[in-house]
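One structure is given here, and the rest of the page talks about it.
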Amino acid sequence: MKETYIKDMEFLIRELHKEWGRSKSERKSVALSLNDAEVLRKKIAESIEKQQKIIDGDNDIEFKQSIKMSKDNFVMLRIAKKLSKKMKRGGNTFIIDLDNEEYRKYTNLLEPEEGD
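Take the sequence shown: its letters are residues 576 to 691, numbered as in this note's numbering.
In structure tokens, the structure reads:
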């Protein structure tokens with residue numbers, strides 16, 4: 576019985592990852608300079624790395640919190656994917672279209688961190 580629950584939870588997590596990997600209907604366009612795009616990409620990488628260490632670590636975080644952090648990471652990965660796609664095309668400015676989740680995360684990433 577316990578093994579069935581574990582398999583069901585693993586299936587649920589895989590399905591959530593698929594859903595989180597897809598952008599919803601896009602709502603906002605954001606213009607970035609090459610420098611801003613590189614800074615954003617770096618912030619995304621740092622944030623994902625930090626959160627993933629917490630998720631994978633032996634920290635006592637609740638299941639709900641780990642799921643929220645995983646979803647957050649997938650939203651940031653969607654932004655990074657869109658950003659990389661535009662940057663590969665070249666140019667000094669980029670316009671990326673973001674859905675509401677991505678836009679909220681984008682604005683959160685722009686906020687200065689404590690100690691900055």
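Every residue, glycine too, gets a C-beta built ideally from N, C-alpha and C. Given the structure is predicted, the values throughout are model-derived calculations rather than measurements.
Apart from the 5 residues on each side of it in sequence, residue 657 sits with its Cβ closer than 6 Å to the Cβ of 671 in its chain, given in chain order. Between residue 602 and residue 647, the C-beta spacing is not below 8 Å. For residue 672, there is no enclosing alpha helix (DSSP H); the residue is found in the beta strand (DSSP E) stretching over 668 to 673.
Each residue's CA atom was taken as its position, placing residue 666 and residue 613 some 13 Å apart. Looking at the DSSP output, residue 603 bridges to 673. A straight line joining the alpha-carbon of residue 668 with that of residue 583 spans about 45 Å.
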